[in-house]
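**Student:** For what it's worth, my numbering labels the leading residue of the sequence shown as 2, then goes sequentially.
Just passing along the structure, written as structure tokens.
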Amino acid sequence: MDLLPAIDLIDGGAVRLVQGDFGRQADYGDPLDLARRYLAAGARWVHVVDLDAARTGSPVNRPVVKAIAAEAAEHGAKVQTGGGVRTAGDVDDLLGAGVARVVLGTAAIEDPSLAVATAEAHPGQVAVGLDYRRRDDGELEAASRGWLEGSGRTVAGLLADLAAAPVGAVVVTAIDRDGTLAGPDTDGLAAVLRSTSLPVVASGGVGTAADLRVLAALDVPAETPGRRPEGTAPARRLAGAVVGKALVDGRVTVEEALAACVPSG
């Protein structure tokens, strides 16, 4: 399971929000300095989100994203980025700047065909961000527009639209856990793993190395319960985990987090 330290951007600075609430913001200074700290500690990925662009669609922090991608390349590491990626041109621009994987969020929810087309143009380099809240009926509903709106689409339905596309990852965020350090939504993640064979990256709620060990051990059978017939697909496990507040607040170090991610192989 890959570790993806998160850097969220507002007005050119590194921040953390709680449950996506722009009114509950903590500031953490220069995002490039933060990226250097993570990379120097051994991180092989950095997950960067332009929160201004996610809210407005205007990519005001894109120069910062590109600078972090250049810094990561010097360390032999990769950047995954999202927030305000609305068009195929946005994807091309970011990939051309050295970003390894671009996350389509609102655009993929509102127009799944765009996600399919860009994934086919750039196999493995386009991810889809599905940020969800659990509805009263138990279904996971994807949010859009910087988490400000419900989309009316379920995560399972959106995953079905993407099933045949060469999507590099599905980045799944439990909004009610994000920035809370309260632990990941393992029930929601298990439901996502059951719904897709695409690589799934978990986000939201990680507060300790123990939380990461739980995610690394999460194992969902690919078929119905019981013994699998010979030659059938193996169980599904998480491909990665995004960690933000726990790292930036020093509750867990990059080294500890990387070690905790090992059990999933």
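For each residue, glycine too, the CB sits at the ideal point set by N, CA and C.
1) Please go through the segment 70-134 and give each complete beta strand (DSSP E) segment of 3 or more residues, from N-terminal end onward.
2) Out of curiosity, what's the CA-to-CA distance linking leucine 141 and leucine 40?
3) Just to confirm before moving on: does the CB-CB distance between glycine 241 and leucine 96 stay below 8 Å?
4) Just curious, the beta strand (DSSP E) that aspartate 142 is in, first and last residue?
5) Under the three-state reduction of DSSP, which class applies to valine 19: helix, strand or coil?
6) Could you spell out where the alpha helix (DSSP H) holding glycine 158 opens and where it closes?
7) Mind pulling the alpha helix (DSSP H) runs of 4 or more residues that sit fully within the segment 184-259?
8) Using three-state DSSP, classify alanine 166 as helix, strand or coil.
9) Count the C-beta pairs between the segment 16-23 and the segment 251-263 that are closer than 8 Å, then say yes if the count reaches three, no if not.
10) How many Å lie between aspartate 220 and glycine 99 at the Cα?
11) Verify whether the separation of the beta carbon atoms of valine 171 and proline 200 is less than 8 Å.
12) Which residues bound the alpha helix (DSSP H) around aspartate 3?
13) Quick one: grab the DSSP three-state call for proline 181.
14) Alpha carbon to alpha carbon, how far is aspartate 186 from valine 243? Give it in angstroms, no decimals.
15) Any idea if glutamate 72 is buried or exposed, counting beta-carbon neighbours within 10 angstroms, 16 or more meaning buried?
16) What does the alpha-carbon distance come out to for the pair glycine 85 and aspartate 91?
17) Considering aspartate 51, what are the terminal residues of the beta strand (DSSP E) in which it resides?
18) Hey, valine 156 and leucine 131: beta-carbon distance below 8 Å or not?
19) In the structure shown, what three-state DSSP assignment does valine 263 receive?
20) Taking the straight line between their C-alpha atoms, what separation do you get for leucine 105 and arginine 237?
21) For glycine 43, which option in Ala78, Ala183, Ala218 has the closest C-alpha, if you only look at C-alpha atoms?
22) Does the Cβ-Cβ distance between valine 47 and isoleucine 69 come in under 8 Å?
23) Short of 7 Å in beta carbon distance, which residues of its chain neighbour proline 167, apart from the five on each side in sequence? Order them along the chain.
24) Could you tell me which of Gly205, Val117, Arg87, Pro222 sits nearest to leucine 163, measuring between CA atoms?
25) For aspartate 9, count neighbouring Cβ atoms within 10 angstroms of its own Cβ and tell me buried if that reaches 16, exposed if not.
26) Of all the CB atoms in chain D, is at least one closer than 8 Å to the CB of aspartate 93?
27) Inspect the beta-carbon positions of valine 207 and alanine 247 and report whether they are closer than 8 Å.
28) Use the C-beta contact count for alanine 128: other C-beta atoms within 10 angstroms, 16 or more gives buried, fewer gives exposed.
**Tutor:** Based on what the coordinates show:
1) 79-83, 102-105
2) 34 Å
3) The answer is no: Cβ separation not under 8 Å.
4) Before going further, note that residue 142 is glutamate rather than aspartate in the sequence given. 141-145 is the extent of the beta strand (DSSP E) around glutamate 142.
5) strand
6) 156-163
7) 187-196, 210-218, 246-249
8) coil
9) no
10) Each residue's Cα considered, the two are about 33 Å apart.
11) yes
12) Looking at the DSSP string, aspartate 3 is not in any alpha helix (DSSP H); the run it does join, the beta strand (DSSP E), is 3-11.
13) It should be noted that the sequence gives threonine, not proline, for residue 181. Note: threonine 181 maps to coil in three-state DSSP.
14) 13 Å
15) buried
16) For glycine 85 and aspartate 91, the distance between alpha carbons rounds to 9 Å.
17) 46-51
18) Their beta carbons are under 8 Å apart, which means valine 156 touches leucine 131 by this criterion.
19) Valine 263 falls in the helix class under three-state DSSP.
20) So the two alpha carbons sit approximately 23 Å from each other.
21) Ala78
22) yes
23) Ala120, Glu121, Pro124, Gly125
24) Val117
25) buried
26) As a matter of chain content, chain D is missing from the structure shown, which is built from one protein chain.
27) Yes. Within cutoff.
28) Buried, since its Cβ has 16 or more Cβ neighbours within 10 Å.
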